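Asker: Once you know that position 206 of the sequence shown is 205 in numbering that gives the first Met the number 0, the rest is easy, because the numbers rise by one and skip nothing. First, the structure itself, so that you have it in front of you.
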Amino acid sequence: MAFAKSHDVKIGYDDTGDGLPVILLHAFPLNRTMWHEQVAALSDRWRFITPDHRGFGESSVVPSATMEEMAQDVAALLDGMQIERAVIGGLSMGGYVAFAFYRQFPQRVRALILADTRAEADTEEARRNRERMAERALREGAEAIAEEMIPKLVAAQTLREHPEITERLRLMIVRNDPAGIAAAQRGMAARRDQTDLLARIEVPTLIIVGREDQLTPPSLSEAMHGEIRGSHLVVIEGAAHVSNIERPQDFNRALEDFLQNIAPER
Ligand code: MLT
């Protein structure tokens with residue numbers, strides 16, 4: 000694990016493997032270790048860079064955490080590593096950051112991976128719910144957020160049969176600072192609609208979604224697939240929102256099939 004600086008914000012990250020750089024951006028309210036199975040299985044072929052977003056994991060907790068700021072943190076990380084272009088992938092909130100990155104730095108994106116995410120902004124109701132959750136995090140702590148979120152992150156079968164997965168998610172969540180959780184909720188509530196970007200995406204794009212994802216349902220991924228020219232869509236059976244953790248082998252196969260067709264930079 001190493002640190003980079005994005006202005007005054009310290010960004011913790013792991014950098015594993017060699018080859019084409021692939022940035023994987025984690026979901027809310029988790030941390031970079033959610034990508035463990037992908038990095039372990041595939042870093043003999045690609046270089047995986049997995050940062051903690053500001054407010055999470057080992058990164059600094061700061062009051063403001065917009066998707067644009069998180070995307071700028073990724074750009075600063077790449078600058079520090081002297082990487083001009085990379086594959087940018089994200090799951091859920093990580094996908095919101097991937098969209099914000101593509102909008103600000105399209106020339107730095109070699110390819111996109113959009114997992115269990117959406118291009119739309121929040122509804123008013125969703126914004127109110129985020130403010131409620133931000134206040135709950137500050138009042139009751141990260142444990143309360145873990146309790147509320149975990150049943151939404153995984154499929155019913157995962158909840159029943161894989162206590163090791165729910166425990167891992169719980170530990171990721173409770174190790175986060177409630178102030179970071181609240182800032183990200185407010186950042187997500189303020190995020191812009193990115194649907195106008197979809198038809199303008201000109202890089203190879205992989206869209207992945209768990210069949211049982213209720214937070215960002217497959218219909219949203221199908222709509223993105225319809226809009227993004229030449230995109231690939233993979234629906235993962237038996238998984239909900241954290242499809243990479245629930246069905247790592249299927250997720251990794253999709254990643255591998257996609258990445259092997261992206262030529263390394265000369
Ligand atoms: C996530 O998994 O990152 C969050 O569920 C995204 C969201 O709350 O919109």
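Yeah, the Cβ is synthetic: ideal placement off N, Cα and C, and Gly gets one too. In this text, all values refer to a predicted model and were calculated from it rather than measured experimentally.
Is F27 close to the ligand MLT? I mean its beta-carbon at under 7 angstroms from any heavy atom of the ligand.
Answerer: Translated into positions along the sequence shown, residue 27 becomes position 28. Within the cutoff, so yes.
Asker: Tell me the start and end of each unbroken alpha helix (DSSP H) in the segment 114–169 that is at least 4 residues and wholly inside, in chain order.
Answerer: Qualifying alpha helix (DSSP H) stretches, in chain order: 123–139, 141–152, 155–160.
Asker: Hey, L90 and T116: beta-carbon distance below 8 angstroms or not?
Answerer: The count along the sequence shown starts at 1 and reaches residue 90 at position 91. The count along the sequence shown starts at 1 and reaches residue 116 at position 117. Yes; because the gap between Cβ atoms is below 8 angstroms, this pair is in contact.
Asker: Measure the beta-carbon distance from M33 to M171 and round it to whole angstroms, keeping in mind my assumption that it falls under 8 angstroms.
Answerer: If you number the sequence shown from 1, residue 33 lands on position 34. If you number the sequence shown from 1, residue 171 lands on position 172. Going by Cβ atoms, the distance from M33 to M171 rounds to 7 angstroms, so yes, they are a contact pair.
Asker: I need the boundaries of the alpha helix (DSSP H) containing G18, first residue and last residue.
Answerer: The sequence position of residue 18 within the sequence shown is 19, counting from 1. From DSSP, G18 is part of no alpha helix (DSSP H); its letter is neither H nor E.
Asker: Fully enclosed by the segment 7–67, which beta strand (DSSP E) runs are 3 residues long or longer?
Answerer: As far as the segment 7–67 is concerned, its whole beta strand (DSSP E) runs of at least 3 residues are 8–15, 20–24, 46–50.
Asker: Indicate the three-state DSSP secondary structure (helix, strand or coil) for I180 in the structure shown.
Answerer: Working through the sequence shown from its first residue, we reach residue 180 at position 181. It is helical.
Asker: Pair every Cβ in the segment 35–44 with every Cβ in the segment 53–69, then say whether three or more of these pairs are closer than 8 angstroms.
Answerer: No: the two stretches stay apart, fewer than three of their Cβ pairs being nearer than 8 angstroms.
Asker: In terms of alpha-carbon separation, which member of R107, H35, G18, I206 lies closest to I244?
Answerer: Within the sequence shown, numbered from 1, the residue matching residue 244 stands at position 245. Comparing Cα-Cα distances from I244 to each of R107, H35, G18, I206, the minimum goes to H35.
Asker: Compare the C-alpha of Q184 against each of I22, E134, T204 and name the closest.
Answerer: Position 185 of the sequence shown, counted from the first residue, corresponds to residue 184. Comparing Cα-Cα distances from Q184 to each of I22, E134, T204, the minimum goes to E134.
Asker: Round the Cβ separation of R84 and R107 to the nearest angstrom and send it over; I've been treating them as touching at under 8 angstroms.
Answerer: Position 85 of the sequence shown, counting from 1, holds the residue named residue 84. Position 108 of the sequence shown, counting from 1, holds the residue named residue 107. With a Cβ gap of about 5 angstroms, R84 and R107 count as contacting.
Asker: Does the Cβ-Cβ distance between H6 and G93 come in under 8 angstroms?
Answerer: For this step, residue 6 is matched to residue 7 along the sequence shown. For this step, residue 93 is matched to residue 94 along the sequence shown. For H6 and G93, no; Cβs fall outside 8 angstroms.
Asker: Under a Cβ-count criterion, where at least 16 other Cβ atoms within 10 Å of its own Cβ denotes burial, should R228 be classed as buried or exposed?
Answerer: By 1-based counting over the sequence shown, the position of residue 228 is 229. Exposed, by the Cβ-count rule.
Asker: Give the straight-line distance between the Cα atoms of E221 and D13, rounded to the nearest whole angstrom.
Answerer: On the sequence shown, residue 221 is found 222 positions in, with the first residue counted as 1. On the sequence shown, residue 13 is found 14 positions in, with the first residue counted as 1. Going by the C-alpha atoms only, they are around 32 angstroms apart.
Asker: Pop quiz: S63 and A182 are said to be a contact at Cβ under 8 angstroms. What is the actual Cβ separation, rounded to whole angstroms?
Answerer: Residue 63 sits at position 64 when you count from the first residue of the sequence shown. Residue 182 sits at position 183 when you count from the first residue of the sequence shown. Their Cβ separation, rounded to whole angstroms, is 6 angstroms, which keeps S63 and A182 in contact under 8 angstroms.
Asker: Quick check on DSSP: helix, strand or coil for L232?
Answerer: Walking along the sequence shown from the start, residue 232 turns up at place 233. Three-state result, L232: strand.
Asker: Is H52 near the ligand MLT, in the sense that its beta carbon is under 7 angstroms from a heavy atom of that ligand?
Answerer: The count along the sequence shown starts at 1 and reaches residue 52 at position 53. Outside the cutoff, so no.
Asker: Out of V61, I180, F98, state which residue places its alpha-carbon closest to the alpha-carbon of N30.
Answerer: Here residue 30 is taken as the residue at index 31 of the sequence shown, counted from 1. Cα-wise, what sits closest to N30 is I180.
Asker: Answer yes or no: the CB of S58 versus the heavy atoms of the ligand MLT, is any distance below 7 angstroms?
Answerer: Position 59 of the sequence shown, counted from the start, is the residue given in the question as residue 58. No - the ligand MLT has no heavy atom lying nearer than 7 angstroms to the Cβ of S58.
Asker: Would the C-beta of M92 count as close to the ligand MLT, meaning under 7 angstroms from any of its heavy atoms?
Answerer: Stepping through the sequence shown from its first residue, residue 92 is reached at position 93. For the ligand MLT, at least one heavy atom lies less than 7 angstroms from the Cβ of M92.
Asker: Could you check the C-alpha separation between R138 and E68 for me, to the nearest Å?
Answerer: As a first step, residue 138 is located in the sequence shown; it is residue number 139 there, counting from the start. As a first step, residue 68 is located in the sequence shown; it is residue number 69 there, counting from the start. For R138 and E68, the distance between alpha carbons rounds to 25 angstroms.
Asker: State whether the segment 197–208 contacts the segment 151–167, with contact taken as three or more CB pairs (one from each stretch) at a distance under 8 angstroms.
Answerer: The segment 197–208 is not in contact with the segment 151–167.
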